[in-house]
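Trainee: Got a structure for you, written out below as structure tokens; questions coming shortly.
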Ligand SMILES: [Zn+2]
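If you want it as structure tokens, here you go:
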């Protein structure tokens, strides 16, 4: 009987403790989220972007119109290493060799464009360990889906976090539908570039990749060139990818 009472008391006490924990559980989680979002904001600013370049989009900060930095991303430690640009956050070697792309049903009609984009990144040649493929199962690294991003934005990529490729590419499908095949696949190739850490060649933010120039008119990673930019990776885009991977 005594034991039962003790057990009961313990159970009641535990229940009380659990209740009080869960009652306050929201507070630290919210604070943690805010702290991480602040870290992501200062990381973006360290990369050279001013506050006016950065748009708060709820769960992510959007930079240069088409680059998502999720507020829960893992901000890389250390300093900027040293001319195509990157973010200081890239895929681990193992992940770079196996970038699994899942195509949402909403993008099934642009499968040929997606395959063309993947081929560009897979056929850089030379000393590079990067391989992308399409998967259909529930495990994947990048999801490509159709999203209405409004006029002027062809697509949106996501920067890598914690050694993994950015997990989302949004394509403004109806907006680019009237573009040529080459330009539609350019948009997808460009956004994939963001998801594997490459920033905009023609912007000042980011870290310069050794061996690449400050400007490269032929770069597929130039910003603001939806439906007008390069449709194949430039020589320096390839040098950038080889340097990263
Ligand atoms: Zn871009």
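Numbering (the working numbering), first residue to last: 100 to 344.
The beta-carbon is built from N, C-alpha and C at its ideal position, and this holds for glycine as well.
Please read these numbers as outputs of a predicted model, since none were measured by experiment.
(1) In the DSSP output, which residue or residues are listed as bridge partners for residue 307?
(2) Are the Cβ atoms of residue 300 and residue 273 separated by less than 8 Å?
(3) On the DSSP letters alone, give me the boundaries of the alpha helix (DSSP H) that residue 336 sits inside.
(4) Run through the region 159-247 for me and flag every whole alpha helix (DSSP H) of 4 or more residues, listed as ranges in chain order.
(5) Straight-line CA distance for residue 236 to residue 206?
(6) Using 8 Å for Cβ pairs, my map puts residue 81 next to residue 325. What's the rounded Cβ distance?
(7) Out of 281, 337, 227 and 243, which one is the CA nearest neighbour of residue 254?
(8) Check whether the Cβ of residue 308 lies closer than 7 Å to any heavy atom of ligand 1, and answer yes or no.
(9) Which of helix, strand or coil does DSSP assign to residue 155?
(10) In or out: residue 131 buried (at least 16 other Cβ within 10 Å) or exposed?
(11) Specify, as a first and last residue, the run of the alpha helix (DSSP H) that residue 291 falls within.
(12) Less than 8 Å between the C-beta atoms of residue 184 and residue 305, yes or no?
(13) Can we count residue 166 as close to ligand 1, meaning its CB is less than 7 Å from some heavy atom?
(14) When DSSP builds the beta bridges, which residues end up paired with residue 270?
(15) So, residue 145 versus residue 265, is the Cβ gap smaller than 8 Å?
(16) For residue 261, count the other beta carbons within 10 Å of its own beta carbon; 16 or more makes it buried, fewer makes it exposed. Which is it?
(17) Below 7 Å CB to CB, which residues in the same chain sit around residue 310 once its five sequence neighbours on both sides are set aside?
(18) Under the three-state reduction of DSSP, which class applies to residue 141: helix, strand or coil?
(19) Using a threshold of 7 Å, is the CB atom of residue 339 nearer than that to any non-hydrogen atom of ligand 1?
(20) Report the rounded CA-to-CA distance for residue 234 versus residue 268, giving the unit in angstroms.
(21) Measuring alpha carbon to alpha carbon, tell me which of 172, 158 and 156 ends up nearest residue 138.
(22) Report the option in 230, 323, 143 and 340 whose CA atom is closest to the CA atom of residue 250.
(23) Below 7 Å, is the gap between the Cβ of residue 163 and the nearest heavy atom of ligand 1?
(24) With distance defined between alpha-carbon atoms, name the residue in 208, 141, 159 and 155 nearest to residue 176.
(25) Between residue 227 and residue 192, what straight-line distance do the alpha-carbon atoms span, to the nearest angstrom?
Mentor: Result, derived from the coordinates:
(1) Bridge partners of residue 307 according to DSSP: 184.
(2) no
(3) 334-343
(4) The region 159-247 is shown to contain whole alpha helix (DSSP H) runs of 4 or more residues at 192-195 and 210-221, in chain order.
(5) Answer to the nearest angstrom: the Cα atoms are 16 Å apart.
(6) The structure shown does not extend to residue 81, since the chain spans only 100 to 344, so no value can be given for it.
(7) Ranking 281, 337, 227 and 243 by CA distance to the CA of residue 254 puts 243 first.
(8) no
(9) Strand at residue 155.
(10) exposed
(11) 280-294
(12) yes
(13) yes
(14) 245 and 254
(15) No, the Cβ-Cβ distance between residue 145 and residue 265 is not below 8 Å.
(16) exposed
(17) 338 and 342
(18) helix
(19) Placement of the Cβ of residue 339 at a distance of 7 Å or more from every heavy atom of ligand 1 is found.
(20) 15 Å
(21) 172
(22) 323
(23) yes
(24) Comparing Cα-Cα distances from residue 176 to each of 208, 141, 159 and 155, the minimum goes to 141.
(25) 10 Å
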